[in-house]
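Worksheet: one structure, shown below.
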Amino acid sequence: MAQADLNYTPVAPQAVLSLMLGVFCTLGLFIPWLALLAIPGLVLGLLALKSIRRYELSGHQLARRGIQLSLLFGVLAPVWQLTWYEIRFHSEALPGYTRIDFAAVSKNRTHSEKMWESLLGQPICLKGFAEPRRGGLLQSFRMTSQRQPFSFGNQSDPWEMIIVQLPEETSWEWCYEPIAVSGTLVRNPDAEDDPDAPRFLLKQSTVLPALTSDHFQAPFSGGGGC
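Right under this line is the structure:
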């Protein structure tokens, strides 16, 4: 065997690590925090190229691939996550319905009544939780802005609740998860004789899963609400 065949040029370890981090960075499309690996992946790739030139090491292609993957998916993954959040955000409310921050309105007791009064007759969307119950199909139910303890003896403040009324021959199966309700805001006629009844009602409502975090707007279009 010729002496030249026995020569071995070691691979720059930074190049290997850069490529590995670049590959893991591609998973940032599914797991957002993995996109942060683009930073050490890029730094190690640049250090690898510097070491390769200085010490005549191998691994130039590995370092380049690591840098390319880190740059590409370090940018692409966050953009995709924001776009996907935008898609889910808009899927919660029906077109033409104004999103209202239910929790913020409920907490501000001084202005909550005026706020609800100004929205009467308008199509709005609220995110919250159905009042705890044993489940089953519902044609109407009470909704709160915060998840309530599963206690049948507990009665929430009527100003922090709203009645959700579905169209005739339509029902919804109770669930523990957050929901987004699109409907037309009207006064609750039962509140005149019952002080414990919620003051307002969403009629002709559509109930959809709430897929995005509370109080975060869509990153691109915004639009207010929750």
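The numbering of the sequence shown is the UniProt record's numbering, which starts it at 1 and goes up by one.
Here a beta-carbon is modelled for each residue, glycine too, at the ideal position from N, C-alpha and C.
**Report entry** residue 30 (DSSP reduced to helix, strand or coil)
**Finding:** coil
Query raised in the report: With DSSP run on the structure shown, which of helix, strand or coil describes residue 1?
Result: Residue placement at residue 1 cannot be trusted, given a pLDDT of 48 that sits under 50; what the coordinates show is reported in the next sentence. Note: residue 1 maps to coil in three-state DSSP.
**Report entry** Assigned secondary structure, residue 173 (DSSP; H/G/I helix, E/B strand, else coil)
**Finding:** strand
Query - residue 156 - containing alpha helix (DSSP H), residue span - result: Premise fails: residue 156 is in no alpha helix (DSSP H) and is neither H nor E.
Query raised in the report: Taking buried to mean at least 16 other C-beta atoms within 10 Å of its own C-beta, is residue 97 buried or exposed?
Result: buried
Requested in this report: Could you name each continuous beta strand (DSSP E) segment of 3 residues or more that falls completely within the region 66–112, going from the start of the chain to the end?
Outcome: 98–100
**Report entry** Span separating the alpha-carbon of residue 209 from that of residue 181
**Finding:** 9 Å
**Report entry** Whole-number beta carbon distance between residue 165 and residue 201, since they are thought to touch under 8 Å
**Finding:** 6 Å
Query raised in the report: By Cβ distance, which residues of its chain are closer than 6 Å to residue 70, with the 5 residues on each side in sequence left out?
Result: 22, 25, 38, 41, 42
**Report entry** C-alpha distance - residue 33 paired with residue 80, whole-angstrom precision
**Finding:** 13 Å
Query raised in the report: Under the rule that 16 or more other beta-carbon atoms within 10 Å means buried, what is residue 120, buried or exposed?
Result: exposed
Requested in this report: Give the C-beta separation of residue 62 and residue 9 to the nearest angstrom, bearing in mind that I take them to be a contact with Cβ-Cβ under 8 Å.
Outcome: Incorrect: roughly 13 Å between the Cβ atoms, too far for contact.
Report task. Give me the Cβ distance between residue 106 and residue 140, rounded to the nearest whole Å; I'm assuming they're in contact under 8 Å. Result -> Not really, about 19 Å apart at Cβ, beyond 8 Å.
Query raised in the report: Start and end of the beta strand (DSSP E) containing residue 205?
Result: 200–209
Query raised in the report: Is residue 163 near residue 126, with beta carbons less than 8 Å apart?
Result: no
Report task. Can you have a look at residue 1 and say buried or exposed, based on whether 16 or more other CB atoms are within 10 angstroms of its CB? Result -> Because residue 1 carries a pLDDT of 48, less than 50, the predicted location of this residue cannot be relied on, and no value is offered for it.
Query raised in the report: What did DSSP end up calling residue 145 once you bin it into helix, strand or coil?
Result: coil
**Report entry** Residue closest to residue 36, alpha-carbon to alpha-carbon, out of 185, 73, 207
**Finding:** 73
Requested in this report: Check the C-beta distance from residue 211 over to residue 173 and give it rounded, since I have them as a contact under 8 Å.
Outcome: At roughly 18 Å, the Cβ-Cβ gap does not stay under 8 Å, so residue 211 and residue 173 are not in contact.
Query raised in the report: What are the residues that DSSP puts in a beta bridge with residue 184?
Result: 123, 203
Query raised in the report: Can residue 135 and residue 102 be called in contact, C-beta distance under 8 Å?
Result: no
Requested in this report: Between the Cα of residue 184 and those of 66, 203, 131, 60, spot the shortest distance and give me the residue it belongs to.
Outcome: 203
Query raised in the report: How about residue 130 and residue 100: are their beta carbons less than 8 Å apart?
Result: no
Requested in this report: Output the distance between the C-alpha atoms of residue 53 and residue 77, rounded to the nearest integer angstrom.
Outcome: 31 Å
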